[in-house]
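S.K.: Pasting a structure here, questions to come.
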Amino acid sequence: MRRASAIEKEAKEINTIEDLTGIFESLASTQVAKVKNKVELSTDFFKLLWKRYSSIRIDPKTRITNRQLADADAKQAYIIISAEAGLSGEIDQRLIETMLQSYNPDTTDIIVLGSHGANQLSQRNVHYVRFFKVPESDHYIDVSPVIDAILPYSKTIVYFEEYVSLSVQNIRSIDLVSSMRDMSEGAEEDIMTAYNTIFEPSLDEIADQMEITMMKLALSQTILESSLAQAASRFNAMAVAKKRAGELIDDYMLEFHRAKRSESDRQMREVMISLKKKRQRLGAKR
Amino acid sequence: MKQLEVIPHLNVIARAPFIVYYEGKAEAVTATNKVGTFDILPDHADFFSILSPGEVVIETADEPISFQISNGIITARNNEIMLFVNI
């Protein structure tokens, strides 16, 4: 049996791990609340913007859907939105596995956001054409470089992690342009034309600017969703680790008390044996 | 009996994707586009513009609200002003 002092030392180390996982768990929980708020604000923002965009076009949905960004023979792009670092549970692994089920290297290029996803792809020897760090700050998400990278492609499918609840996160894939239509449901209004409205610069330039802006917002939205799902996954991973650390501490304490008891029993036995020997020696002398 | 004159006002929504700068009634909005700095007052013609970097000022009944923007879009329609900034 191990010594009680060694067990006590290990139990203290596990205690530190339990404290750390507890801290990570509350950090992840705060992150979930913060990102949830951002998602709501960003969704409202998109709807308001679409409301105005739809007022300057006769059929804005057709225009944006039929937008010819590239020739028909061009490859399609998969955008993978993963975490920037580890500690996000196994959700990134699920993301990559889901994407690989429909991936064909002859027709598709992969663009990856987040170091964790890039590492996962490299480990599987899957080639990606571009890598971007997850572009996030407290005030905005600058996805302009990613939008520039996807413009030559005929179609863009985004693979991301979707937050369902604190305990459930799913992997989703969307066509970026179709998702813009979905996000704007029921947000249309009357037409504004050059006859009744002052446009500075021209109507076409404004429409182009708004389309790029909304594409950026749609992509930002998926990054936010992923960030929310990753925070929830991190929360779950930390909650499990904390629970496991608590169970380990209980096991260690049981082992510690047994070792302590065994040590005192051994000491008692040694005292009894030496007393017995002393008594035998005294008896022999008499 | 003389009717009370109703003074028109603007309903302003000024937002960035994650920030609500102002939502409510206002007397005027000042911003800058390629042409220069301009004001929007109540009963302004319908207007759509891309904003240049600079300061936006919203004159409210209490005190003016101002903030810096790096880019944006402003629309004015039926005294409803929408500012989409820092996008």
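One line per chain: the protein sequences are S and B, in this order. Using our numbering, the first residue of the first sequence is number 1, and each one after it goes up by one. Using our numbering, the first residue of the second sequence is number 1, and each one after it goes up by one. A virtual CB, placed ideally from N, CA and C, is assigned to each residue, including glycine.
Does the segment 15-30 of chain S come close enough to the segment 230-249 of chain S that 3 or more CB-CB pairs lie under 8 Å?
M.R.: In short, these stretches touch, since the Cβ pair count reaches three.
S.K.: The beta strand (DSSP E) with residue 77 of chain B in it runs from where to where?
M.R.: Per DSSP, residue 77 of chain B belongs to the beta strand (DSSP E) from 72-77.
S.K.: Run through DSSP, which three-state label would residue 96 of chain S get?
M.R.: Three-state DSSP puts residue 96 of chain S in a helix.
S.K.: By DSSP's criteria, residue 68 of chain B is part of a beta bridge. Which residues make up the other side?
M.R.: Its beta-bridge partners are B/55.
S.K.: Under a CB-based cut-off of 7 Å, is residue 53 of chain B close to chain C?
M.R.: Among the protein chains of the structure shown, namely S and B, there is no chain C.
S.K.: On the premise that residue 197 of chain S lies in contact with residue 47 of chain B, defined as a C-beta separation below 8 Å, what is that separation, rounded to the nearest angstrom?
M.R.: Their Cβ separation, rounded to whole angstroms, is 7 Å, which keeps residue 47 of chain B and residue 197 of chain S in contact under 8 Å.
S.K.: State yes or no: is the beta carbon of residue 192 of chain S nearer than 7 Å to at least one beta carbon in chain B?
M.R.: So, interface residue.
S.K.: In three-state terms, what does DSSP make of residue 39 of chain B?
M.R.: If DSSP states are grouped into helix, strand and coil, residue 39 of chain B belongs with the strands.
S.K.: Among the candidates B/86, B/17 and B/79, whose CA atom is the shortest distance from the CA of residue 25 of chain B?
M.R.: For residue 25 of chain B, the nearest C-alpha among the options comes from B/79.
S.K.: Which residues in chain S sit within 8 Å of residue 73 of chain B, going by Cβ to Cβ distance?
M.R.: Those within 8 Å of residue 73 of chain B in chain S are 49, 52, 206, 209, 210 and 213.
S.K.: Sort out for me which residues DSSP pairs residue 82 of chain B with in a bridge.
M.R.: Partner(s): B/13 and B/75.
S.K.: Do you know offhand how far residue 65 of chain S's Cα is from residue 179 of chain S's?
M.R.: Only weak support exists for where residue 65 of chain S lies, its pLDDT of 44 falling under 50; the coordinates are left without a value.
S.K.: Does DSSP put residue 173 of chain S in a helix, a strand or coil?
M.R.: Residue 173 of chain S falls in the strand class under three-state DSSP.
S.K.: Roughly how many angstroms lie between the CA atoms of residue 56 of chain S and residue 32 of chain B, to the nearest whole one?
M.R.: Answer to the nearest angstrom: the Cα atoms are 21 Å apart.
S.K.: For a test of the three-state rule: what should DSSP assign to residue 18 of chain B, helix, strand or coil?
M.R.: In the structure shown, residue 18 of chain B sits in coil (DSSP, three-state: anything other than H, G, I, E or B).
S.K.: Between the segment 217-224 of chain S and the segment 27-39 of chain S, do three or more beta carbon pairs fall short of 8 Å?
M.R.: Counting Cβ pairs under 8 Å, three or more are found: they touch.
S.K.: Check whether chain S comes within 7 Å of residue 39 of chain B, counting only Cβ atoms and requiring the distance to be less than that.
M.R.: So, not an interface residue.
S.K.: List, in order along the chain, the chain B residues whose C-beta lies closer than 7 Å to that of residue 199 of chain S?
M.R.: Near residue 199 of chain S (Cβ distances below 7 Å), the residues of chain B are 48.
S.K.: Taking only three categories from DSSP, how would you classify residue 65 of chain S?
M.R.: For residue 65 of chain S, the pLDDT reaches just 44, beneath the cut-off of 50, and the residue's location in the model is therefore unreliable, although a value from the coordinates is still provided. Helix, per DSSP.
S.K.: Could you give the distance in angstroms between the alpha-carbon of residue 11 of chain B and the alpha-carbon of residue 44 of chain B?
M.R.: If you take the alpha carbons of residue 11 of chain B and residue 44 of chain B, they lie about 12 Å apart.
S.K.: Roughly how far, in whole angstroms, is the beta-carbon of residue 114 of chain S from the beta-carbon of residue 162 of chain S, given that I think they are within contact range, below 8 Å?
M.R.: That belief does not hold up - the Cβ atoms of residue 114 of chain S and residue 162 of chain S are roughly 16 Å apart, past 8 Å.
S.K.: Which residues does DSSP list as the beta-bridge partners of residue 109 of chain S?
M.R.: S/77.
S.K.: Identify the contact partners of residue 33 of chain B in chain S, using a Cβ-Cβ distance below 8 Å as the criterion.
M.R.: Neighbours of residue 33 of chain B on chain S, chain order: 200.
S.K.: Could you tell me whether the Cβ atoms of residue 42 of chain S and residue 17 of chain B are closer together than 7 Å?
M.R.: Contact: yes.
S.K.: Could you tell me whether any Cβ in chain B is nearer than 7 Å to the Cβ of residue 113 of chain S?
M.R.: Chain B contact via Cβ: absent.
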